[in-house]
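A quick write-up on the structure given underneath.
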């Protein structure tokens, strides 16, 4: 970095670099308020521990070359020069100064970044002149409002009662969680003693909390929809194998697990052979997880299940045995411990909607992915030749065979399709949770509940049941805790099925006779 801080005076550089912490911070804030040219470079050098002091002279040393902090001219570093020591408080002030210097940038993006950085830090009264100066110069309404809130945050502890009341009034319109914490702190008996100000603080705190409550409610709903989308993905495959074909497949959860492990293997291939494209491994993992689970499902159907159609108890026991074999096989290949699956860079982080509401990108992606899978499955069942054959065979197998449909082949295709969709669910689950041999066991019961509650063979019912159970479960968790919420959901489903055995949507027409 070229040294351009020569407009900084020697006195300013000395005051910032040497002396008592309070005096150094005051000198730093004054220099920021004065808009001293080159201050940003000097502050950065301070943070990089590249500043030394010898008497009244301050030097910046980089790459074994020293320059005078005031003039920018090359200088010979005296032997008695000492390193500038910055404690945590001074370092915090230096970081705040760098952010504050951005408040006066002509670039609105830089000003937004400066305001955002200051909002994360503990504001001090010494920064008030700077914030007021930036507030007067700011033209953007949103940034002006943020600066006003920062000003009020400082003034809420001012000695002048009128200033404190004005600050509390300004803070009452905030939607920030940090403001609620600040108002709560000021309501402590030893923080504010004036009855009028305490009453204003209480009103402001109620106002802020009422706004934050909407963020909490939206967060619960989003979390419920996210859980519902995961249940939907897990149950869509079961809606075919159980809902349409009548096969009680207890190995459905292990098909999810296979999809998740296929994603793990694709991730490792990209990390080893295509590291530059690692962020896009998930696009290759989606078809890989579908094919892996579909092939396993087709092998299950051809080898075991095709001999057990119409015999639900034997199917249940056989598929339960297959699930144990698949779990042990995964343990033998990959070990009993969970394996790490990383989110791509573009699925990391989240979208901050409110100060107490951040929507993770991976959860948003799963909701969108579930919608796309549902749409694709609905189109395949309703609009394609394979879908026509599947519907024909499941409604009347003998008549379909009479008109030339290869029912055995359709059974295999349908079961493979349901298994492949379970693999897609496993791929999605790998982005939000642990991947291990027992992954599928956490979702098999919930998947059956979703299919039964929605109505056997009804895709629309599966969607309503999955999203409804997801939101209901999260609402009850906030009220009664995770364990009681699960029990209450199960009780609700038992009562609902007692009253309406056919589920939310009942079959109509000839399919009801099967």
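Numbering (this note's numbering), first residue to last: 561 to 1074. We put the CB at the ideal spot given by N, CA and C, even for glycine. Fair warning: this is a prediction, and the values are worked out from it, not measured in the lab.
Residue environment, residue i, which counts as buried when at least 16 other CB atoms sit within 10 Å
| i | result |
| --- | --- |
| residue 759 | exposed |
| residue 709 | buried |
| residue 1003 | buried |
| residue 959 | exposed |
| residue 833 | exposed |
| residue 1060 | exposed |
| residue 904 | buried |
| residue 584 | buried |
| residue 897 | exposed |
| residue 801 | buried |
| residue 1006 | buried |
| residue 999 | buried |
| residue 648 | exposed |
| residue 1054 | exposed |
| residue 721 | exposed |
| residue 612 | buried |
| residue 785 | buried |
| residue 746 | buried |
Three-way DSSP call (helix, strand, coil) for residue i in this model
| i | result |
| --- | --- |
| residue 872 | helix |
| residue 918 | strand |
| residue 890 | helix |
| residue 705 | helix |
| residue 1058 | helix |
| residue 643 | strand |
| residue 1070 | Any answer about residue 1070 is weak, because its pLDDT of 47 lies below 50 and its placement is not dependable; what the coordinates show is given next. Residue 1070: helix per DSSP, three-state reduction. |
| residue 807 | coil |
| residue 588 | helix |
| residue 997 | coil |
| residue 693 | helix |
| residue 755 | helix |
| residue 897 | coil |
| residue 910 | strand |
| residue 720 | coil |
| residue 736 | coil |
| residue 1025 | helix |
Rounded distance between the beta-carbons of residue j and residue i, thought under 8 Å
| i | j | result |
| --- | --- | --- |
| residue 1105 | residue 702 | Summary: the structure shown does not reach residue 1105, with the chain confined to residues 561 through 1074, and so no result is reported for it. |
| residue 1014 | residue 1021 | 3 Å |
| residue 814 | residue 971 | With a Cβ gap of about 20 Å, residue 814 and residue 971 do not count as contacting. |
| residue 837 | residue 1026 | In fact, because the Cβ distance is near 33 Å, the residues do not count as touching under 8 Å. |
| residue 990 | residue 879 | 23 Å between Cβ atoms; not a contact. |
| residue 790 | residue 926 | 6 Å |
| residue 901 | residue 827 | 6 Å |
When the options are compared against residue i, the one with the closest alpha-carbon
| i | options | result |
| --- | --- | --- |
| residue 981 | 796, 767, 786 | 796 |
| residue 875 | 921, 808, 727, 838 | 808 |
| residue 637 | 626, 645, 733 | 626 |
| residue 734 | 928, 612, 914, 1025 | 914 |
| residue 653 | 765, 577, 1040 | 577 |
| residue 645 | 579, 1033, 587, 660 | 579 |
| residue 810 | 755, 873, 829, 789 | 873 |
| residue 847 | 667, 988, 761 | 988 |
| residue 1049 | 688, 892, 1031 | 1031 |
| residue 615 | 573, 608, 622 | 573 |
| residue 1008 | 755, 806, 839 | 806 |
| residue 859 | 973, 907, 763 | 973 |
| residue 600 | 634, 665, 642 | 665 |
| residue 543 | 884, 590, 928, 975 | Residue 543 is absent from the structure shown; the chain starts at 561 and stops at 1074. |
Length of the line joining the Cα atoms of residue i and residue j
| i | j | result |
| --- | --- | --- |
| residue 663 | residue 618 | 27 Å |
| residue 1072 | residue 783 | Reliability of the predicted coordinates at residue 1072 is poor, the pLDDT of 42 falling under 50, and no value is obtained from them. |
| residue 565 | residue 850 | Summary for residue 565: the model assigns pLDDT 42, below 50, so the residue's position carries little reliability, and this model does not support an answer. |
| residue 753 | residue 629 | 47 Å |
| residue 818 | residue 955 | 30 Å |
| residue 917 | residue 775 | 6 Å |
| residue 877 | residue 871 | 10 Å |
| residue 940 | residue 867 | 26 Å |
| residue 993 | residue 938 | 27 Å |
| residue 692 | residue 707 | 8 Å |
| residue 657 | residue 750 | 31 Å |
| residue 985 | residue 1037 | 24 Å |
| residue 965 | residue 934 | 26 Å |
| residue 936 | residue 944 | 11 Å |
| residue 1058 | residue 978 | 28 Å |
| residue 715 | residue 678 | 16 Å |
| residue 689 | residue 1039 | 46 Å |
| residue 563 | residue 742 | Here residue 563 scores only 40 on pLDDT, less than 50, and its place in the model is too uncertain to base an answer on. |
| residue 794 | residue 788 | 10 Å |
| residue 729 | residue 778 | 26 Å |
| residue 1024 | residue 1063 | 11 Å |
| residue 942 | residue 1019 | 11 Å |
| residue 674 | residue 593 | 15 Å |
CB contact below 8 Å: residue i versus chain D
| i | result |
| --- | --- |
| residue 737 | Here there is only one protein chain, and chain D is not present. |
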